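Number of protein chains: 2
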Amino acid sequence: MANLNGIESDACGAIFVALADPTRRKLFETLTRGPRSVGDLARTLPVSRPAVSQHLRHLSDAGLVQSTRKGTRNIYAARQEGVEVLRRYLESLWGDVLTAFADKIDQENLK
Amino acid sequence: MANLNGIESDACGAIFVALADPTRRKLFETLTRGPRSVGDLARTLPVSRPAVSQHLRHLSDAGLVQSTRKGTRNIYAARQEGVEVLRRYLESLWGDVLTAFADKIDQENLK
DNA sequence: ATTTTAGGTAAGTACATACTTACGGTAAGT
DNA sequence: ACTTACCGTAAGTATGTACTTACCTAAAAT
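Here's what the structure looks like:
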């Protein structure tokens, strides 16, 4: 108990998948420092622009970024909510790890 | 600035990859609630025991779990440090997102 | 109006990976 | 000693995925 897994686990599954790829993680880290256009992002990476578009789509589906058209350019920005979802999930795990660790200590002391 | 990325990013890359797989995430969530043997873990999942062994190896390589032999059984347990590494990484990102958001607000106000 | 600029999508390919069964190896039970 | 329980590894396979080039649309510039 003291854990509501299964609810957010699926929600942040897409987030873990998104951040598992090094290129996408680099993209997201760049976007956390401020909004950028697709072309700007592509120039900072050793992959083609279409590849960046595909990665950004994954990040967008995971709820980590959002985009707004500005003329011919598409400006992407990091969403705060995405990181918070992951943080909440980690905190629930962290609590469980601590209680499990306490139980382990107790178990050791009984021996 | 106010960010030391690139150092922990690679370190938690393996963690993201490990938790990106739903089976491994389920395994880790189970282990956060207490230590289990490989066989016990396998019985709670719709995959074979060797598959569980391979997943546990990935989790172990990522620093998320550790194992200790107990007779013929291998007991796996979640490591606290693994979750903390990820939490620190997220906090650094979270800080950047907030400052970036503040900059965006300022930028909007100037228009 | 035509030409750039910016970017998403389609199709194809090479590689990664999650699974299976088969096997080997160690410790406990009889 | 021999069987049984428990588990890791090897080999093979099938699907997933990250990349490329080619193509198409939409808005700005000339």
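Note that the protein sequences, when read in sequence, are chains A and B. Throughout, this note's numbering is defined as the position within the first sequence, counted from one, plus 98. Throughout, this note's numbering is defined as the position within the second sequence, counted from one, plus 98. Even for Gly, the Cβ is constructed at its ideal location relative to N, Cα and C. No experiment lies behind these values; they were computed from the predicted model shown.
Within-8 Å CB hit, residue i to chain B
| i | result |
| --- | --- |
| threonine 121(A) | no |
| glycine 111(A) | yes |
| arginine 185(A) | yes |
| valine 115(A) | yes |
| valine 181(A) | yes |
| threonine 130(A) | yes |
Contact under 8 Å by Cβ, residue i with residue j
| i | j | result |
| --- | --- | --- |
| valine 136(A) | serine 151(A) | yes |
| lysine 124(A) | leucine 143(A) | yes |
| glycine 161(A) | glycine 180(A) | yes |
| glycine 111(B) | proline 120(A) | yes |
| leucine 188(B) | leucine 191(A) | no |
| valine 183(B) | alanine 109(B) | yes |
| phenylalanine 114(A) | alanine 118(B) | yes |
N-terminal and C-terminal residue of the beta strand (DSSP E) that residue i is part of
| i | result |
| --- | --- |
| threonine 166(B) | 163-168 |
| alanine 176(A) | 171-176 |
Reduced DSSP category for residue i - H, G, I as helix; E, B as strand; rest coil
| i | result |
| --- | --- |
| arginine 147(B) | helix |
| isoleucine 105(A) | Note that isoleucine 105(A) has pLDDT 47, beneath the 50 cutoff, so the model's placement of it is unreliable and no number is given. |
| alanine 160(B) | coil |
Cβ of residue i within 8 Å of any chain A Cβ
| i | result |
| --- | --- |
| alanine 118(B) | yes |
| leucine 191(B) | yes |
| leucine 143(B) | no |
The alpha helix (DSSP H) enclosing residue i, as first and last residue numbers
| i | result |
| --- | --- |
| arginine 141(A) | 136-141 |
| arginine 123(B) | 120-130 |
Review point. Any contact of the stretch 124-135 of chain B with the stretch 168-182 of chain B, i.e. 3+ C-beta pairs under 8 Å?
Key: With contact defined as three or more Cβ pairs closer than 8 Å, the stretch 124-135 of chain B and the stretch 168-182 of chain B are in contact.
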